[in-house]
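S.K.: Quick one: the structure is below, and I'll ask about it shortly.
In full-length UniProt numbering, the protein residues as written are 1 to 339.
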């Protein structure tokens with residue numbers, strides 16, 4: 001089986017790149033030949049056109065971005081294809097009429113659409129009722145390759161809170177800033193570290209300004225997937241404050257490493273964080289602060305919740321299960337095309 005995998009990003013360390021690298025790695029472990037084209041990073045060429053015609057199936061990540069790119073390039077998809085919809089294209093783009101129509105043009109001719117959560121499936125089906133029978137839920141798994149050398153050392157503190165997110169509006173990175181300031185007054189050794197690519201210049205400027213004015217806060221920028229395991233190991237708590245998520249890979253990665261996670265109470269986060277069980281959910285600065293204080297005063301509870309999170313990921317988010325599910329979808333689509 002030969003697959004052409006379309007992803008918006010593969011080199012830059014963003015969520016889509018993490019998803020693409022994990023799936024491609026898993027497919028290659030199953031001896032499937034995979035060609036990867038990052039359509040926001042590379043130029044289409046005659047060589048890629050030849051690959052387009054030679055493979056058995058296309059796997060496309062991110063509906064709206066791909067639909068826009070395909071329209072600009074005027075590329076015809078000659079083989080069956082599978083669409084994987086993540087976070088932004090479901091939670092943000094479906095609210096835009098033009099984007100929804102653009103995505104629909106691609107989705108109409110797809111063999112299957114995959115999403116990470118039941119919430120994602122419901123949103124796709126609400127916008128495209130004709131896709132009900134073709135939409136499948138395939139939860140994300142975890143693949144954290146270890147770096148041979150690590151250079152990113154976090155500041156020492158108690159606690160060390162890490163927010164892994166690219167600097168862009170949907171991540172709402174300053175949502176609990178007031179809680180951070182109050183916690184810094186209560187816990188003089190507190191350290192808060194943001195980790196992620198600088199994707200918005202105005203947000204980067206604000207981050208740098210706050211970094212200068214608050215000794216407890218630092219931003220270490222973009223970190224490779226291979227180095228993220230080391231980042232999580234140095235953290236006490238990993239948080240997510242996004243406005244919306246498909247399914248938060250960073251939380252799953254942190255849980256896999258055995259860290260306590262605290263996440264904003266939104267559907268994507270609720271798909272992996274069971275409050276007071278596999279992690280904690282919050283909906284305000286005050287609640288976030290109370291959770292931190294509780295964890296600081298009760299280390300045993302923190303340890304127990306972290307262990308529950310680790311077990312949950314080990315049981316429900318295995319790489320082999322995720323990749324097997326995709327391969328089943330591929331085979332179905334190829335058989336359907338032949339018949």
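Beta carbons are placed, not taken as given, at the ideal position from N, Cα and C, and that holds for glycine. For clarity, every value in this text was computed on a predicted model and none was experimentally measured.
State the DSSP-derived secondary structure class of residue 342, mapped to helix, strand or coil.
M.R.: Here the chain covers residues 1 to 339 and nothing more, so residue 342 does not appear.
S.K.: Considering just the uninterrupted stretch of the alpha helix (DSSP H) at residue 174, what are its terminal residues?
M.R.: Here residue 174 refers to the residue found at position 174 of the chain shown. Residue 174 -> no alpha helix (DSSP H), and no H or E assigned at all.
S.K.: In the DSSP assignment, what residue or residues form a beta bridge with residue 114?
M.R.: Counted from its first residue, the chain shown places residue 114 at position 114. Per DSSP, 84 and 136.
S.K.: I'd like the span of the beta strand (DSSP E) that includes residue 191, first residue to last.
M.R.: As a position in the chain shown, residue 191 is number 191, starting the count at 1. Residues 191-195.
S.K.: Could you tell me the boundaries of the beta strand (DSSP E) in which residue 264 lies?
M.R.: Walking along the chain shown from the start, residue 264 turns up at place 264. Element bounds for residue 264: 260-264.
S.K.: Quickly, what does DSSP pair residue 4 with across the bridge? List them, please.
M.R.: Position 4 of the chain shown holds residue 4. Answer is 35 and 58.
S.K.: Would you mind giving the Cβ-Cβ distance between residue 273 and residue 231, rounded to the nearest angstrom? I have them listed as a contact below 8 Å.
M.R.: Taking the chain shown and counting its residues from 1, the one referred to as residue 273 is at position 273. Taking the chain shown and counting its residues from 1, the one referred to as residue 231 is at position 231. Rounded, the Cβ-Cβ distance is 19 Å, inconsistent with contact.
S.K.: For a test of the three-state rule: what should DSSP assign to residue 223, helix, strand or coil?
M.R.: Along the chain shown, one-based indexing puts residue 223 at 223. In this structure, residue 223 counts as coil in the three-state DSSP scheme.
S.K.: Might you give, ordered along the chain, the residues of its own chain that have their beta carbon closer than 8 Å to the beta carbon of residue 12, omitting 5 neighbours on each side?
M.R.: Sequence index remark: in the chain shown, residue 12 carries index 12 (1-based). So the list reads 41, 197 and 222, once near-sequence residues are dropped.
S.K.: Taking only the alpha-carbon atoms, compute the straight-line gap between residue 66 and residue 38 and give it to the nearest angstrom.
M.R.: Numbered from 1 along the chain shown, position 66 holds the residue referred to as residue 66. Numbered from 1 along the chain shown, position 38 holds the residue referred to as residue 38. Computed Cα separation, rounded: 10 Å.
S.K.: So for residue 237, helix, strand or coil by DSSP?
M.R.: Sequence index remark: in the chain shown, residue 237 carries index 237 (1-based). Three-state result, residue 237: strand.
S.K.: Do residue 143 and residue 22 have their C-beta atoms within less than 8 Å of each other?
M.R.: Stepping through the chain shown from its first residue, residue 143 is reached at position 143. Stepping through the chain shown from its first residue, residue 22 is reached at position 22. Contact: yes.
S.K.: Please classify residue 27 as buried or exposed, where buried requires at least 16 other C-beta atoms within 10 Å of its C-beta.
M.R.: Working through the chain shown from its first residue, we reach residue 27 at position 27. Label assigned to residue 27: buried.
S.K.: Once you ignore the five residues that flank residue 331 on each side, which residues in its own chain have a CB closer than 7 Å to its CB?
M.R.: Residue numbering aside, residue 331 sits at position 331 when the chain shown is read from its first letter. For residue 331, where only same-chain residues beyond five positions count, there are no Cβ hits under 7 Å.
S.K.: Taking 8 Å as the threshold (C-beta atoms), are residue 242 and residue 264 in contact?
M.R.: Position 264 of the chain shown, counted from the first residue, corresponds to residue 264. Position 242 of the chain shown, counted from the first residue, corresponds to residue 242. A contact, by the Cβ cut-off of 8 Å.
S.K.: Going by CA-CA distance only, name the one from 53, 160, 116 and 75 that's closest to residue 16.
M.R.: One-based indexing of the chain shown puts residue 16 at position 16. Taking only the C-alpha atoms, the option nearest residue 16 is 116.
S.K.: Please identify the residue among 193, 300 and 226 whose C-alpha is closest to the C-alpha of residue 211.
M.R.: Numbered from its first residue, the chain shown carries residue 211 at position 211. It is 193 whose Cα lies nearest to the Cα of residue 211.
S.K.: According to DSSP, is residue 142 part of a helix, a strand, or is it coil?
M.R.: For the purposes of this step, residue 142 is identified with residue 142 of the chain shown, where counting begins at 1. Here residue 142 sits in coil by DSSP.
S.K.: According to DSSP, is residue 198 part of a helix, a strand, or is it coil?
M.R.: Working through the chain shown from its first residue, we reach residue 198 at position 198. Strand, per DSSP.
S.K.: In angstroms with no decimal places, state the Cα-to-Cα distance between residue 165 and residue 338.
M.R.: Taking the chain shown and counting its residues from 1, the one referred to as residue 165 is at position 165. Taking the chain shown and counting its residues from 1, the one referred to as residue 338 is at position 338. If I take the Cα positions, the gap works out to 42 Å.
S.K.: For residue 126, which of helix, strand or coil comes out of DSSP?
M.R.: Here residue 126 refers to the residue found at position 126 of the chain shown. The answer is helix: DSSP assigns residue 126 an H, G or I state.
S.K.: What is the DSSP secondary structure of residue 274, reduced to helix, strand or coil?
M.R.: Along the chain shown, one-based indexing puts residue 274 at 274. In the three-state scheme derived from DSSP, where H, G and I count as helix and E and B as strand, residue 274 is classed as coil.
S.K.: Consult DSSP for residue 51 and reduce its assignment to one of helix, strand or coil.
M.R.: Translated into the one-based positions of the chain shown, residue 51 becomes position 51. In this structure, residue 51 counts as helix in the three-state DSSP scheme.
S.K.: Could you tell me whether the stretch 246-266 touches the stretch 278-290, where touching means 3 or more Cβ pairs closer than 8 Å?
M.R.: yes
S.K.: What residue range is occupied by the uninterrupted alpha helix (DSSP H) comprising residue 160?
M.R.: For the purposes of this step, residue 160 is identified with residue 160 of the chain shown, where counting begins at 1. Segment 160-164 is the beta strand (DSSP E) holding residue 160; no alpha helix (DSSP H) there.
S.K.: Would you give the residue range spanned by the alpha helix (DSSP H) that residue 27 belongs to?
M.R.: Here the question's residue 27 lines up with position 27 in the chain shown. Residue 27 -> alpha helix (DSSP H) spans 15-29.
S.K.: Measure the C-alpha to C-alpha separation of residue 85 and residue 125 and round it to an integer number of angstroms.
M.R.: Here residue 85 is taken as the residue at index 85 of the chain shown, counted from 1. Here residue 125 is taken as the residue at index 125 of the chain shown, counted from 1. Cα to Cα, residue 85 sits roughly 12 Å from residue 125.
S.K.: Tell me which residue opens and which closes the beta strand (DSSP E) that residue 281 is part of.
M.R.: In the chain shown, residue 281 corresponds to position 281, counting from 1. Its beta strand (DSSP E) spans residues 280-282.
S.K.: Could you check whether residue 290 and residue 138 sit closer than 8 Å to each other, using their CB atoms as the reference points?
M.R.: Mapped onto the chain shown, residue 138 falls at position 138. Mapped onto the chain shown, residue 290 falls at position 290. Going by C-beta atoms, residue 138 is not nearer than 8 Å to residue 290.
S.K.: Under a Cβ-count criterion, where at least 16 other Cβ atoms within 10 Å of its own Cβ denotes burial, should residue 51 be classed as buried or exposed?
M.R.: Translated into the one-based positions of the chain shown, residue 51 becomes position 51. Exposed, because fewer than 16 other Cβ atoms sit within 10 Å of the Cβ of residue 51.
S.K.: From what residue to what residue does the alpha helix (DSSP H) around residue 295 run?
M.R.: Sequence index remark: in the chain shown, residue 295 carries index 295 (1-based). Note, residue 295: alpha helix (DSSP H), 285-297.
S.K.: So, under 8 Å CB-CB, residue 167 and residue 160 are touching, yes? Tell me the CB distance rounded to an integer number of Å.
M.R.: To locate residue 167, count along the chain shown from 1; it is residue 167. To locate residue 160, count along the chain shown from 1; it is residue 160. In fact, because the Cβ distance is near 20 Å, the residues do not count as touching under 8 Å.
S.K.: Looking at the unbroken alpha helix (DSSP H) that takes in residue 329, where does it start and where does it end?
M.R.: Mapped onto the chain shown, residue 329 falls at position 329. That run of the alpha helix (DSSP H) goes 319-338.
S.K.: If you measure between the beta carbons of residue 260 and residue 300, is that distance less than 8 Å?
M.R.: By 1-based counting over the chain shown, the position of residue 260 is 260. By 1-based counting over the chain shown, the position of residue 300 is 300. Not in contact: residue 260 and residue 300 (Cβ atoms no closer than 8 Å).
S.K.: Output yes or no for whether 8 Å exceeds the beta carbon distance between residue 140 and residue 225.
M.R.: Residue 140 sits at position 140 when you count from the first residue of the chain shown. Residue 225 sits at position 225 when you count from the first residue of the chain shown. Result no, Cβ atoms of residue 140 and residue 225 do not sit closer than 8 Å.
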